[in-house]
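J.: When you line the sequence shown up against numbering that gives the first Met the number 0, it's residues 0 to 149, in that order. All C-beta atoms in this analysis are idealised placements derived from N, C-alpha and C, irrespective of residue type, glycine included. Quick caveat: nothing in here was measured; it's all calculated off a predicted structure. This is the structure I have questions about; it appears just below.
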Amino acid sequence: MTADRPVFDSESVARLRRVITRLSRMLNESAQAEGLTPSQASVLAVVGGRGPIGLAELAEIEGINPTMLSRIVSKLDTLGLLRRTPHPNDQRAALVEATDAGQATSERIRETRSMTVTKILDTLPADTTATLLLALPALEALATANDRKP
Numbered sequence: 000m001t002a003d004r005p006v007f008d009s010e011s012v013a014r015l016r017r018v019i020t021r022l023s024r025m026l027n028e029s030a031q032a033e034g035l036t037p038s039q040a041s042v043l044a045v046v047g048g049r050g051p052i053g054l055a056e057l058a059e060i061e062g063i064n065p066t067m068l069s070r071i072v073s074k075l076d077t078l079g080l081l082r083r084t085p086h087p088n089d090q091r092a093a094l095v096e097a098t099d100a101g102q103a104t105s106e107r108i109r110e111t112r113s114m115t116v117t118k119i120l121d122t123l124p125a126d127t128t129a130t131l132l133l134a135l136p137a138l139e140a141l142a143t144a145n146d147r148k149p
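In structure tokens, the structure reads:
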């Protein structure tokens with residue numbers, strides 16, 4: 000501890016990394032069950048949740064380069080899950096929005112992921128689930144800490 004701040008040793012960091020990786024794999028299975036990669040499912044969820052969105056903003060939110068995003072959007076468009084529309088203020092740009100099928104697919108993935116977590120939580124002792132509930136703010140801070148870097 001340094002000034003009342005716990006320090007993670009290398010083994011604790013490795014344990015946390017392994018837990019995050021295992022949970023991520025379990026949750027990504029829901030995207031694969033829909034025939035999507037985790038990146039495709041993530042893009043679909045962002046577009047479905049935010050409505051029509053520009054590709055530059057979407058690339059920034061997703062943290063992926065425009066070329067990769069273009070491939071993902073093209074695939075989702077081909078699958079009938081997204082559609083491109085002209086940007087009302089910029090003729091050179093396009094917006095993407097989820098189709099009804101895309102919204103339904105995104106909702107199924109979200110529901111499957113929630114059911115997966117619920118099933119796991121139901122198998123844990125009450126004191127463990129209580130600890131996880133108390134840890135939610137810390138886990139949310141961990142997930143967003145990189146967003147705050149200059």
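Pull up the CB-CB distance for VAL45 and LEU81, whole angstroms please, since I reckon it's below 8 Å.
T.: For this step, residue 45 is matched to residue 46 along the sequence shown. For this step, residue 81 is matched to residue 82 along the sequence shown. About 11 Å; that fails the 8 Å criterion.
J.: What do you reckon, are the CB atoms on THR115 and MET25 nearer than 7 Å?
T.: For the purposes of this step, residue 115 is taken as the residue at position 116 of the sequence shown. For the purposes of this step, residue 25 is taken as the residue at position 26 of the sequence shown. Yes, these two residues count as a Cβ contact at 7 Å.
J.: Mind checking which residues open and close the alpha helix (DSSP H) that includes LEU81?
T.: By 1-based counting over the sequence shown, the position of residue 81 is 82. Unbroken run through LEU81 is the beta strand (DSSP E), 81 to 85; no alpha helix (DSSP H).
J.: By DSSP, does VAL6 sit in helix, in strand, or in coil?
T.: Position 7 of the sequence shown, counting from 1, holds the residue named residue 6. In the three-state reduction of the DSSP assignment, VAL6 falls in the coil class.
J.: What is the DSSP secondary structure of GLY34, counted as helix, strand or coil?
T.: In the sequence shown, residue 34 corresponds to position 35, counting from 1. Three-state result, GLY34: coil.
J.: Whole angstroms are fine: how far does the CA of ARG21 sit from the CA of MET0?
T.: Here residue 0 corresponds to residue number 1 of the sequence shown, with the count starting at 1. Here residue 21 corresponds to residue number 22 of the sequence shown, with the count starting at 1. Residue confidence is low: MET0 scores 48 on pLDDT, short of 50, so the model does not pin down where it sits. Its coordinate-derived value is still stated next. Those two C-alpha atoms are separated by around 28 Å.
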